[in-house]
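**Q** Position 316 (the sequence shown) corresponds to 316 in UniProt numbering; numbering is contiguous.
Glycine included, C-beta positions come from ideal geometry on N, C-alpha and C.
To start, I am sharing the structure in question, which I have written as structure tokens.
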Amino acid sequence: MITRSLANVQTDSRRRDDAERIPVSSTPQGRWQAQLASAIRDPYELCRRLELDPAWLPGARTGHELFEVRVPEAYLSRIRRGDPEDPLLRQVLPLLAESDTMQGFVQDPLDETGHTPRRGLIHKYHGRVLLIASPTCAINCRYCFRRHFPYHENSPSRAQWDDTLAYIRDDTSIGEIILSGGDPLATSDRQLAWLAERLEAIPHLKRLRIHTRLPVVIPDRIDTELLDWLSATRLQRVVVLHVNHASEIDDTVVAACQRLREIGVTLLNQSVLLRGVNDSVETLTELSERLFEAGVLPYYLHVLDPVAGAAHFDVPDAEARDLVKSLRTRLPGFLMPTLVREIPGEASKTPL
Ligand code: SF4
Numbered sequence: 001m002i003t004r005s006l007a008n009v010q011t012d013s014r015r016r017d018d019a020e021r022i023p024v025s026s027t028p029q030g031r032w033q034a035q036l037a038s039a040i041r042d043p044y045e046l047c048r049r050l051e052l053d054p055a056w057l058p059g060a061r062t063g064h065e066l067f068e069v070r071v072p073e074a075y076l077s078r079i080r081r082g083d084p085e086d087p088l089l090r091q092v093l094p095l096l097a098e099s100d101t102m103q104g105f106v107q108d109p110l111d112e113t114g115h116t117p118r119r120g121l122i123h124k125y126h127g128r129v130l131l132i133a134s135p136t137c138a139i140n141c142r143y144c145f146r147r148h149f150p151y152h153e154n155s156p157s158r159a160q161w162d163d164t165l166a167y168i169r170d171d172t173s174i175g176e177i178i179l180s181g182g183d184p185l186a187t188s189d190r191q192l193a194w195l196a197e198r199l200e201a202i203p204h205l206k207r208l209r210i211h212t213r214l215p216v217v218i219p220d221r222i223d224t225e226l227l228d229w230l231s232a233t234r235l236q237r238v239v240v241l242h243v244n245h246a247s248e249i250d251d252t253v254v255a256a257c258q259r260l261r262e263i264g265v266t267l268l269n270q271s272v273l274l275r276g277v278n279d280s281v282e283t284l285t286e287l288s289e290r291l292f293e294a295g296v297l298p299y300y301l302h303v304l305d306p307v308a309g310a311a312h313f314d315v316p317d318a319e320a321r322d323l324v325k326s327l328r329t330r331l332p333g334f335l336m337p338t339l340v341r342e343i344p345g346e347a348s349k350t351p352l
């Protein structure tokens, strides 16, 4: 039922004239490319700008050596100064704990390297494949399950994309393409439009799904160039955002979501359950409410993938189940994300 009504909204919205689109905000930060280029990539600068006690710096330097710090200004502006407990800061501040070795926490927790039949293509589930459309992100999330991913081996050149596209063309069971990364929107619209054009020429493809954090961390990324190629494709469009806390959604993020909705994109969100960030019923309730206000439906709540360097974010399954049970007493069913774990080799995500 929900799918049908969203599809109707898509069709109606596509008919709207471009002039009706919500204008791209002219923030003082300027175009997204400049914001991407000027993201903070130095742990000292991060601690200084956020007025953190210098005692955090040695640990931040150690964590940074394992997975570099990266925080764009638009995201930084939502973090409280001088508060090491800020839930947004905890997602981006490197810590000494990242150097701990923990049993079961590994470099490739989802065995993705075992499911890459072509360069830049991951095929885990029936009917859909994931393309590594960009090797970089606008923000480096400390808990990321791809923090050790060999992007250098999975960044196809244009010629290698032909081989990847041939794989999709030859498998008529594939109906959906997931653009991922890195963050697929960290790459240029020229490249994305080139790829979208080739994908839509494959007759058995129906949907284009984009997994991205850019509309959240640099909302100006949702600009006219992006909306143009995304409006032009015949494929149904789904954008899956990644928001973990209601404070990540300010008015600029709401406006970016609205621009996507204006061209008929279906907006969903997936979160990761993270110790110290969103591991309370109140926080998860507020997140779902805020997402819906922005026109986004909660989709998945993932338990942490056991990636080396992120064990300090882990919430045990029993506690996760209790949280979700309580959450169900607070929210209407359509605002309840599904609690899942990804188990390598399974044919789908596993509900907990
Ligand atoms: S934006 Fe996504 S892919 Fe990039 S570091 Fe964060 S969680 Fe990982």
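ILE218 to HIS312, Cα distance in whole Å?
**A** 27 Å
**Q** Output yes or no for whether 8 Å exceeds the beta carbon distance between GLY120 and SER155.
**A** yes
**Q** Is THR233 helix, strand or coil when you go by DSSP?
**A** coil
**Q** Tell me the DSSP secondary structure of SER288 in three-state form.
**A** helix
**Q** What's the call for GLN107, buried or exposed, on a 16-neighbour Cβ count within 10 Å?
**A** exposed
**Q** Quick one: what's got a C-beta closer than 8 Å to HIS126's C-beta in the same chain, skipping five residues either side?
**A** SER173, ALA347
**Q** Would you call the region 200-210 and the region 159-172 in contact, with 3 or more CB pairs under 8 Å?
**A** yes
**Q** Between which two residues does the beta strand (DSSP E) holding LEU130 run?
**A** Its beta strand (DSSP E) spans residues 128-134.
**Q** When you compare each of ARG49, TYR44, ASP53, GLU98 to ASP314 by their alpha carbons, which one comes out closest?
**A** GLU98
**Q** In the DSSP assignment, the beta strand (DSSP E) including SER155 goes from what residue to what residue?
**A** For SER155, there is no enclosing beta strand (DSSP E), since its DSSP letter is neither H nor E.
**Q** For LEU268, report the span of its beta strand (DSSP E) as first-last.
**A** Per DSSP, LEU268 belongs to the beta strand (DSSP E) from 266-272.
**Q** According to DSSP, what are the bridge partners of residue 361?
**A** Residue 361 cannot be examined here, being either before or after the span of the chain that is shown, 1 to 352.
**Q** In angstroms with no decimal places, state the Cα-to-Cα distance between ALA186 and SER134.
**A** 7 Å
**Q** Within 7 Å: the Cβ of residue 378 and any heavy atom of the ligand SF4?
**A** In this structure the chain extends from 1 to 352, so residue 378 is not present and cannot be described.
**Q** Cutting at 7 Å between CB atoms, please list the residues of its own chain near ARG275, excluding the five before and the five after it.
**A** The residues are HIS312, PHE313, ASP314, VAL315.
**Q** In terms of alpha-carbon separation, which member of GLY345, ASP305, LEU301 lies closest to LYS325?
**A** LEU301
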